[in-house]
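Novice:
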Amino acid sequence: MSDEGQIMLRETFTVAGGDFSHAGRVSTTIKSMLKQIGFPSAVIRRTAIATYEAEMNVVVYADRADVTFEVTPKTIRVTLADQGQGIADLELAMQEGFSTATDEIREMGFGAGMGLPNIKRNADELEINSEVGVGTTVKITINAGE
Amino acid sequence: MRLAELKDKLSLKSLNDVYDKDVEGAFVSDMVSDVMAGAKPASVWVTTQTHKNVVAAANLVDIAAVIVTRGRPVSDETLEMASRAELTILTTDLDTYSLVGKLHAAGV
C-alpha cells in the first residue's frame, strides 16, 4: 500500500485462546473506534464482521494472539498473529462448511465452517500465513472509501 | 416498527430494558456465523442461543433486539452484557416457528 506511512491510528490488543467470556471484545472495540472516526457504516460493518470471525477463530483454535489495528486515510487493517495449532490445509479451511470444531463449539452456534469464507467476503484483501504447530497470521485489509 | 410496539403486539417479555430502536426485519438462526453473514441491520434475531457471545455478535451487526424462544433461561451475565451494549433481550414461550409466524403476521 502506498499510504503505508500515513498511519492515523494504531492500536494493539491481545486475544486469549479459549476465553469465551471476553470473545468479541476486540472487534467490538474496533467497531466503536471506527464509528468515532466517522467511517461509512458499510465499511464499519465489514470490518466488524471480518474482525469478529478472526477473533473467534483465535478463541476457538489458538492459544493467544496479538492483534494490530491500523487506520490510514485509505485503508483499515487488522492483523491477528496467533500462537497455536496452525492450519494444515488452508485451501480446505477456506471452503464453506469445512470445520474441525468440536461438538461443544458447534452447540454454541460456532464451527459451521463459515468463519474464513465470511472474512474473505467482507475483506478487500485477505492474507493468511500459517505454520502447523506454530500459529497463523491473518491480515485483513478493508478499503475505507466504501 | 418501534421495538416497544413489537414487544406489545407479540406479548413478548423483556428481560432487561427495552431500548428504543427501529425494527426493520427479522433473522432466524442458531448459528452465530450465519447471523454475522446474513442478518441485516435493525433486524430482530430469533434464536434459542443464550450464551454471552450472542450479545457481541448481535451488537456487531446492529441487531435491534434478540428474541429467545421456548422460554429458554438467560443468565444474569448475558443480561448484564446486553444492557451494557444497549441490546434488548426478549423472550417468549412460543417455539421459533410459531413466533416467526406471528412476526410475519405483524408485518415484520
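Going line by line, the protein sequences match chains A and B.
Each residue of the first sequence is one higher than the last, beginning at 24 in our numbering.
Each residue of the second sequence is one higher than the last, beginning at -12 in our numbering.
In this text, a Cβ means the ideal position worked out from N, Cα and C, and glycines have one as well.
1. Would Met24 (chain A) count as contacting chain B if we go by Cβ distances under 9 Å?
2. Figure out for me which residue from A:Gly168, A:Glu130, A:Gly138 has the closest Cα to the Cα of Asp17 (chain B).
3. Closer than 7 Å by beta-carbon distance: list the chain B residues that pair up with Ile163 (chain A), in chain order.
4. Do we get a CB-CB distance below 9 Å when we pair Lys39 (chain B) with the residues of chain A?
5. Using 8 Å as the threshold, is the segment 111 to 122 of chain A in touch with the segment 67 to 76 of chain A, meaning 3 or more CB pairs across them?
6. Residues in the same chain with beta-carbon distance under 7 Å from Phe62 (chain A), minus the five sequence neighbours each way, listed in chain order, please.
7. Along the chain, where does the alpha helix (DSSP H) that runs through Gly25 (chain B) open and close?
8. Using a Cβ-Cβ cut-off of 7 Å (strictly less than) and excluding sequence neighbours within five positions of Asp49 (chain B), which residues of its own chain qualify?
9. Kindly indicate which residue of B:Gly25, B:Thr75, B:Leu81 has the alpha-carbon position closest to the one of Arg(-11) (chain B).
10. Name the one or two DSSP bridge partners that Ala88 (chain A) has.
11. Which same chain residues end up closer than 6 Å to Lys53 (chain A) when comparing Cβ atoms and leaving out the 5 residues on each side of it in sequence?
12. Using a Cβ-Cβ cut-off of 6 Å (strictly less than) and excluding sequence neighbours within five positions of Ile99 (chain A), which residues of its own chain qualify?
13. With distances taken from CA atoms, which of A:Ser44, A:Ser153, A:Asp105 is nearest Met117 (chain A)?
14. Strictly by DSSP, which residues pair up with Lys0 (chain B)?
15. If I follow the unbroken alpha helix (DSSP H) through Ile50 (chain B), where does it start and stop?
16. For Ser30 (chain B), write down the residues that DSSP places opposite it in a beta bridge.
17. DSSP has Ser153 (chain A) in a bridge; who is on the other side?
18. Should Thr65 (chain B) go down as buried or exposed, given a rule of 16 or more other Cβ atoms within 10 Å for buried?
19. Could you pull the DSSP bridge partners for Arg71 (chain B) from this structure?
20. For Ile151 (chain A), decide whether its Cβ has a neighbour in chain B, counting only Cβ atoms nearer than 9 Å.
21. In three-state DSSP terms, what is Asp30 (chain A)?
22. Alpha helix (DSSP H) containing Ala92 (chain B): first to last residue?
Specialist: Let me lay it out:
1. With a pLDDT of 48 at Met24 (chain A), under the threshold of 50, the modelled position of this residue cannot be trusted, and the question is left open.
2. The shortest C-alpha separation from Asp17 (chain B) is found at A:Glu130.
3. Those within 7 Å of Ile163 (chain A) in chain B number zero; the least Cβ separation is about 14 Å.
4. For Lys39 (chain B), the nearest CB of chain A lies under 9 Å from its own CB, placing it at the interface with that chain.
5. Short answer: they don't touch.
6. Here the set comprises Ala167.
7. Unbroken alpha helix (DSSP H) run through Gly25 (chain B): 19 to 25.
8. Here the set comprises Pro28, Ala29.
9. Selected option, being the one with the closest Cα: B:Thr75.
10. Paired residue(s): A:Val38, A:Asp105.
11. What sits at residue 53 (chain A) in the sequence shown is Ile, not Lys. Once the five neighbours on either side are set aside, the close Cβ partners of Ile53 (chain A) are Thr74, Phe92.
12. Cβ neighbours of Ile99 (chain A) beyond the five flanking positions: Thr70, Ile165, Ala167.
13. Checking every option, the nearest Cα to that of Met117 (chain A) belongs to A:Ser153.
14. Answer is B:Thr78, bridged to Lys0 (chain B).
15. Annotation: Ile50 (chain B) is outside any alpha helix (DSSP H) and is labelled neither H nor E by DSSP.
16. BP columns for Ser30 (chain B) point to B:Gly12.
17. Looking at the DSSP assignment, Ser153 (chain A) forms a beta bridge with A:Thr159.
18. Around the beta carbon of Thr65 (chain B), 16 or more other beta carbons lie within 10 angstroms, which makes this residue buried.
19. Answer is none; Arg71 (chain B) lacks a bridge partner.
20. Taking Cβ atoms only, chain B never reaches closer than 9 Å to Ile151 (chain A), which makes this a no.
21. In the sequence as presented, Asp is not what sits at residue 30 (chain A); that position holds Ile. DSSP places Ile30 (chain A) in the coil class of the three-state scheme, outside both helix and strand.
22. Unbroken alpha helix (DSSP H) run through Ala92 (chain B): 83 to 92.
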